[in-house]
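Asker:
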Amino acid sequence: MTTPRLLIAASPHISGRDSTPTIMWSVVGSLVPVIAIATYYFGPSVLLVLVGATAGALVTERIFGRRGAIGDGSATITGLLLGLSLPAGLPVWMAFVGGAFAIAFGKLIFGGLGQNIFNPALLGRAFLQAAFPVALTTWPIAPQSWWQFRGDNLALPFASPRVVDALTGATPLGLMKFEQTPTGLWDLMIGATGGSLGETSGIVILLAGAYLALRKHLNWRIPASIFLTVALFAALLHTIDGARYAGAMAMLFSGGLMLGAVYMATDMVTSPVTNAGCWIFGVGIGLLVVVIRYWGGLAEGVMYAILLMNAMVPFINRATQPRPFGARTKRLEPS
Amino acid sequence: MSYQLKFRHGVHPPDLKELTGSIRIRRVPFPDEVILPLRQHTGKPAKVIVRPGDRVERGDKIGEADGYISAPVHASATGVVRDIDLWPHPDGSYATAVRITVERFSAQAPRPRIIPDWRGLTPEQLVRAVQDAGVVGLGGAAFPTHVKLTPPKDQPIDVLVINGCECEPYLTTDHRTMAEYPDRVHLGIRIMMRCLGVERAMIGIEKNKPDAIAAIEAARPRDLDISVHPLTVKYPQGAEKMLIKSLLDREVPSGKLPMHVGAVVQNVASVATIAEVFETGLPLIERIVTVTGHGVMEPANLIVPVGMKTRDLLDACGGLTPDAKEVVFGGPMMGAAVADLDAPVLKGTTGVVVLTESDCRPVATYPCIRCGHCVDACPVYLNPQLLGNLAMVERYEDMEANRLADCMLCGCCSYTCPSNIPLSQLFQASKLALRKQKAVA
Chain A
457 MTTPRLLIAA SPHISGRDST PTIMWSVVGS LVPVIAIATY YFGPSVLLVL VGATAGALVT
517 ERIFGRRGAI GDGSATITGL LLGLSLPAGL PVWMAFVGGA FAIAFGKLIF GGLGQNIFNP
577 ALLGRAFLQA AFPVALTTWP IAPQSWWQFR GDNLALPFAS PRVVDALTGA TPLGLMKFEQ
637 TPTGLWDLMI GATGGSLGET SGIVILLAGA YLALRKHLNW RIPASIFLTV ALFAALLHTI
697 DGARYAGAMA MLFSGGLMLG AVYMATDMVT SPVTNAGCWI FGVGIGLLVV VIRYWGGLAE
757 GVMYAILLMN AMVPFINRAT QPRPFGARTK RLEPS
Chain B
168 MSYQLKFRHG VHPPDLKELT GSIRIRRVPF PDEVILPLRQ HTGKPAKVIV RPGDRVERGD
228 KIGEADGYIS APVHASATGV VRDIDLWPHP DGSYATAVRI TVERFSAQAP RPRIIPDWRG
288 LTPEQLVRAV QDAGVVGLGG AAFPTHVKLT PPKDQPIDVL VINGCECEPY LTTDHRTMAE
348 YPDRVHLGIR IMMRCLGVER AMIGIEKNKP DAIAAIEAAR PRDLDISVHP LTVKYPQGAE
408 KMLIKSLLDR EVPSGKLPMH VGAVVQNVAS VATIAEVFET GLPLIERIVT VTGHGVMEPA
468 NLIVPVGMKT RDLLDACGGL TPDAKEVVFG GPMMGAAVAD LDAPVLKGTT GVVVLTESDC
528 RPVATYPCIR CGHCVDACPV YLNPQLLGNL AMVERYEDME ANRLADCMLC GCCSYTCPSN
588 IPLSQLFQAS KLALRKQKAV A
């Protein structure tokens, strides 16, 4: 027998089925129905905003990132999630700038994939909200024809927005907070309301999340603990003052909570590595969301809640180190 | 069974035991030469006692135990010592080995010998006989069995745990041993219980071997307290600490041995070998080896003389397929890839697994995305993610503070890592680096 060219590798010689790119691209794939339902409600503007944000992310990753990093799919996720957190009428150039900022300052500045502290998509959105507050809170309502663009999609960079005759409407949370007008629960669940692209259909996002959780591409403990905390806290407040505070289901299905809890809080890089830590992380986000929504200056608090808890992750990780096998006491990691 | 027969964490690799799980054990023809390294066990290598040109018969001692934690080596075939020199060892190094040219047309019958009746021997004499027969653990680590059989006097042992888990994918040696030689396994258990003076024995077998469980249960002697426990199929169920946790719900403390929680763990193949010593009088000169994997033509369970070259063994199984890529000694999770097909089968070789290109771990790695899958997989509850980061920047003392010593290199973290980071390899290297640092200091 002649000796073939043998591979000499360290054990283990086999590996599990998932790789980082498969996880990333399966997340991208799970977003397809979410994008489809958003397109159904908001028309072709959705695709323009998403393409703008994703292009910004990909171009930046290609120029400044690791060679071949586009292939791992993480920049695509950042772009798509950023796009889904934006209103349909946003000028495309703003979405592009947001995507570029998200990758450059949300990820690459920390050292690229796996090194960032904050969720890049949310950081990009926070930047856009600070830079273009009016554009980010303009929620156009449906025009006459589905084919018509909403708002200012094609505005030129830094040109003052055209005065459009499109009507704008408020989001359910805005209505509740500033006008004490509740929105029907069914409308909230299927997404027939105003809001950002991905803030609409909670049911579709939940199904996509369930698929990812089954494939272990997200840790189910994070969305579960967020939902539980928000539901319990909101129900408590609702029983105290039903007119001022919405019920638990309305809180769960309004705003960006579904998108945030399923897709942004579960970003593996910026969430705790331990399961106990994931529970703490989710409870913290849930509490902050309700606090910001009811007592903060903004109608929606998911973005800042997740970003704040992102900053806590190293501490959560340190506090929830697993108990060593056979040891009586807990051992903490050194600084 | 009042408790849950489980340990926490671990991984579920596809077991692929169907390749050889139902194939009967058969004897492989003697090769033209056997290579017997003097280092085949944990501890000090044996001291050679033959010289080139000597004629040895099958079963003759050729290497003497050098100290207490050591084991003798015996000729596995009748023939002439050709030379004593460095030879490729399955661990990748070169080790001193006795090379025996096997006598052609020999009946390979061992010298007539007196087989002691084990019933008439004291525990000390039994241990002595096991020691002289060169019996070591056949589960992979090859720890000299007589050491296990003589725990310190101040350490009470209340249970003998027999490891029939065989949680490594592909391998079916223990499986076939239990299915085909259940009486031998039970005789070995009886002898071990006598050596240790324990009243109770527990056999843990993963549920994916129903025929082995049935055979062992059917052959169970009624006069002894021996119980058979089907266990969850999960890697590394067969690791000592995990098995004790599953069966007894006792956790072996960090840095301690199973005997510190009153248990002695022995693998079924070793137990059967102990019985064989008292059945045939022959020392450990042959063992059952699973030759399997999609890269080998005719997978089989074989009785192989220790010292048979990998090349000869693979030839006896129809050779390699054209897409064979990696030859692994032991299971694919903890086994070692052999660099040279001249490396011989050792006492501790449980199997030879030939992987094809598509079975092997890919080469590309990605940055750690902190998914936490490794933390969820580690059976001894370490944080491989943190340890991996520390290893990459060579902060070995910090790794030690995070209990690197507890890592048993089971490979669960590397297996599950989506970024394909070679965590267990990093830990192995870090353990070595730490040892070196300490030796210098």
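As given, the protein sequences belong to chains A and B, one line each in that order.
Here the numbering used here is used: position 262 in the first sequence is 718, and no number is missing along the way.
Here the numbering used here is used: position 119 in the second sequence is 286, and no number is missing along the way.
Here a beta-carbon is modelled for each residue, glycine too, at the ideal position from N, C-alpha and C.
1) According to DSSP, simplified to helix, strand and coil, what is glycine 645(A)?
2) Alanine 664(A) versus chain B: which residues are under 8 Å apart at the beta carbon?
3) Just the C-alpha distance for aspartate 621(A) and glycine 712(A), rounded to the nearest angstrom, thanks.
4) Once DSSP output is grouped into helix, strand and coil, what is the label at glutamine 552(B)?
5) For a contact meaning CB atoms closer than 9 Å, what does cysteine 587(B) contact in chain A?
6) DSSP three-state label for lysine 476(B), please.
7) Report, in whole angstroms, the separation of the C-beta atoms of alanine 465(A) and alanine 504(B), which I expect to be a contact under 8 Å.
8) Closer than 7 Å, CB to CB, is serine 486(A) near chain B or not?
9) Check asparagine 375(B) in the structure and name its three-state DSSP category.
10) Starting from methionine 724(A), find everything on chain B with Cβ-Cβ shorter than 8 Å and list it in chain order.
11) For the 8 Å Cβ check, are there 3 or more pairs between the region 338-352 of chain B and the region 451-460 of chain B?
12) Which of the three DSSP states, helix, strand or coil, is assigned to glutamate 200(B)?
13) Where do the N-terminal and C-terminal ends of the alpha helix (DSSP H) with leucine 354(B) fall, by residue?
14) With a threshold of 16 other CB atoms inside 10 Å of the CB of lysine 605(B), please say whether the residue is buried or exposed.
15) Along the chain, where does the alpha helix (DSSP H) that runs through tyrosine 582(B) open and close?
16) Starting from arginine 266(B), trace the beta strand (DSSP E) both ways and give me its first and last residue.
17) Given this structure, state the Cα-to-Cα distance separating glycine 485(B) from threonine 447(B), to the nearest angstrom.
18) Of all the CB atoms in chain B, is at least one closer than 7 Å to the CB of threonine 730(A)?
19) If the cut is a Cβ gap below 8 Å, which residues of chain B does proline 792(A) touch?
20) Would you report the Cα separation of glycine 698(A) and asparagine 375(B), rounded to the nearest angstrom?
21) Beta carbons nearer than 7 Å to chain A: which residues of the region 493-511 of chain B have them?
22) For tyrosine 701(A), which residues of its own chain have a beta-carbon under 6 Å away from its beta-carbon, when the five flanking residues on both sides are left out?
23) So, is the C-beta of leucine 462(A) closer than 7 Å to a C-beta in chain B?
24) Given a cut-off of 7 Å, decide if leucine 414(B) and methionine 369(B) are closer than it, judged by their beta-carbon atoms.
25) Given a cut-off of 7 Å, decide if valine 269(B) and glutamate 224(B) are closer than it, judged by their beta-carbon atoms.
26) With 7 Å as the threshold, decide whether the Cβ of proline 770(A) is near any Cβ in chain B.
27) Run through DSSP, which three-state label would methionine 575(B) get?
28) Under the assumption that phenylalanine 174(B) contacts lysine 320(B) (Cβ atoms under 8 Å), give the Cβ distance between them as a whole number of angstroms.
29) Does threonine 637(A) come out as helix, strand or coil in the three-state DSSP assignment?
30) Please list the partners that tyrosine 582(B) has in chain A, where partner means a Cβ-to-Cβ separation under 8 Å.
31) Closer than 8 Å is the cut-off here; do at least three beta carbon pairs connect the region 740-750 of chain A with the region 531-549 of chain B?
32) Which runs of the alpha helix (DSSP H), 4 residues or longer, sit entirely within the region 692-769 of chain A?
33) Is lysine 563(A) helix, strand or coil by DSSP?
34) Would you mind telling me which residues of chain B sit closer than 8 Å to alanine 465(A), beta carbon to beta carbon, in chain order?
35) Please confirm if serine 169(B) has its CB atom under 7 Å from at least one CB of chain A.
36) Taking buried to mean at least 16 other C-beta atoms within 10 Å of its own C-beta, is histidine 256(B) buried or exposed?
Answerer: The relevant details are as follows:
1) As a working mapping, residue 645(A) is identified with position 189 in the first sequence. The sequence shown places methionine at residue 645(A), rather than the glycine named in the question. The answer is helix: DSSP assigns methionine 645(A) an H, G or I state.
2) By 1-based counting over the first sequence, the position of residue 664(A) is 208. Near alanine 664(A) there are no residues of chain B at all, since even the closest Cβ is about 18 Å away, more than 8 Å.
3) Walking along the first sequence from the start, residue 621(A) turns up at place 165. Walking along the first sequence from the start, residue 712(A) turns up at place 256. At aspartate 621(A) the pLDDT is 47, less than 50, meaning the model places this residue with poor confidence; the figure from the coordinates comes in the next sentence. When rounded, the separation of the alpha-carbon atoms in aspartate 621(A) and glycine 712(A) is 27 Å.
4) Within the second sequence, numbered from 1, the residue matching residue 552(B) stands at position 385. The answer is helix: DSSP assigns glutamine 552(B) an H, G or I state.
5) Residue 587(B) sits at position 420 when you count from the first residue of the second sequence. According to the sequence shown, residue 587(B) is asparagine rather than cysteine. What asparagine 587(B) touches in chain A: Ser471, Ser475 and Thr476.
6) On the second sequence, residue 476(B) is found 309 positions in, with the first residue counted as 1. Lysine 476(B): strand per DSSP, three-state reduction.
7) Looking up residue 465(A) in the first sequence gives position 9. Looking up residue 504(B) in the second sequence gives position 337. Cβ-Cβ separation between alanine 465(A) and alanine 504(B): approximately 6 Å, consistent with a contact (criterion under 8 Å).
8) Position 30 of the first sequence, counting from 1, holds the residue named residue 486(A). Not one chain B Cβ lies under 7 Å of serine 486(A).
9) Translated into positions along the second sequence, residue 375(B) becomes position 208. Annotated three-state conformation of asparagine 375(B) is coil, per DSSP.
10) Taking the first residue of the first sequence as 1, we reach residue 724(A) at position 268. Here the neighbours are Ile536, Arg537, Cys538 and Gly539.
11) They touch, by the three-pair rule.
12) On the second sequence, residue 200(B) is found 33 positions in, with the first residue counted as 1. In the structure shown, glutamate 200(B) sits in a strand (DSSP, three-state: E or B).
13) Counted from its first residue, the second sequence places residue 354(B) at position 187. First-last of the alpha helix (DSSP H) with leucine 354(B): 349-363.
14) The count along the second sequence starts at 1 and reaches residue 605(B) at position 438. With fewer than 16 Cβ atoms within 10 Å of its Cβ, lysine 605(B) is classed as exposed.
15) Indexing the second sequence from 1 puts residue 582(B) at position 415. Residues 579-583.
16) The residue you call residue 266(B) lines up with position 99 of the second sequence. Element bounds for arginine 266(B): 261-269.
17) Residue 485(B) sits at position 318 when you count from the first residue of the second sequence. Residue 447(B) sits at position 280 when you count from the first residue of the second sequence. Glycine 485(B) and threonine 447(B): Cα-Cα distance of roughly 31 Å.
18) As a first step, residue 730(A) must be located in the first sequence, where it is residue number 274. Closer than 7 Å to some Cβ of chain B, the Cβ of threonine 730(A) qualifies, so yes.
19) Because chain A is modelled from 457 through 791, residue 792(A) falls outside the range shown and cannot be assessed.
20) Against the first sequence, residue 698(A) aligns to sequence position 242. Against the second sequence, residue 375(B) aligns to sequence position 208. A direct Cα-to-Cα measurement between glycine 698(A) and asparagine 375(B) gives close to 57 Å.
21) Of all residues in the region 493-511 of chain B, Glu493, Val494, Val495, Pro499, Met500, Met501, Gly502, Ala503, Ala504, Ala506 and Leu508 have a Cβ within less than 7 Å of some Cβ in chain A.
22) Against the first sequence, residue 701(A) aligns to sequence position 245. Excluding positions up to five away in sequence, the list reads Leu693 and His694.
23) For this step, residue 462(A) is matched to residue 6 along the first sequence. Any Cβ of chain B closer than 7 Å to the Cβ of leucine 462(A) would place that residue at the interface, and such an atom is present.
24) Numbered from 1 along the second sequence, position 202 holds the residue referred to as residue 369(B). Numbered from 1 along the second sequence, position 247 holds the residue referred to as residue 414(B). In this structure, methionine 369(B) sits near leucine 414(B), with a CB-CB distance shorter than 7 Å.
25) Here residue 224(B) corresponds to residue number 57 of the second sequence, with the count starting at 1. Here residue 269(B) corresponds to residue number 102 of the second sequence, with the count starting at 1. Cβ distance not < 7 Å, so glutamate 224(B) and valine 269(B) don't count as in contact.
26) Reading the first sequence from its first residue, position 314 is the one you call residue 770(A). No, proline 770(A) lies away from the interface with chain B (no Cβ there is under 7 Å from its Cβ).
27) For this step, residue 575(B) is matched to residue 408 along the second sequence. In this structure, methionine 575(B) counts as coil in the three-state DSSP scheme.
28) Counting from one through the second sequence, the residue named residue 174(B) turns up at place 7. Counting from one through the second sequence, the residue named residue 320(B) turns up at place 153. 30 Å between Cβ atoms; not a contact.
29) On the first sequence, residue 637(A) is found 181 positions in, with the first residue counted as 1. It is coil, neither helix nor strand.
30) Along the second sequence, one-based indexing puts residue 582(B) at 415. Chain-ordered, the chain A residues with CB closer than 8 Å to the CB of tyrosine 582(B) read Pro468, Ile470, Ser471 and Gly472.
31) Contact between the region 740-750 of chain A and the region 531-549 of chain B is absent, with fewer than three C-beta pairs closer than 8 Å.
32) With a minimum length of 4 residues, the continuous alpha helix (DSSP H) runs that stay inside the region 692-769 of chain A are 704-709 and 731-751.
33) Your numbering for residue 563(A) matches position 107 in the first sequence. Of the three classes helix, strand and coil, the one that applies to lysine 563(A) here is coil, per DSSP.
34) Translated into positions along the first sequence, residue 465(A) becomes position 9. Near alanine 465(A) (Cβ distances below 8 Å), the residues of chain B are Glu493, Ala504, Cys527 and Arg528.
35) In the second sequence, counting from the first residue as 1, residue 169(B) sits at position 2. Low local confidence applies: a pLDDT of 42 at serine 169(B) is under 50, so the model's placement there is unreliable, with the coordinate-based value given in what follows. Taking 7 Å as the threshold, the shortest C-beta distance from serine 169(B) to chain A does not fall below it.
36) Within the second sequence, the letter at position 89 stands for residue 256(B). Only buried fits histidine 256(B), as 16 or more other CB atoms lie within 10 angstroms of its CB.
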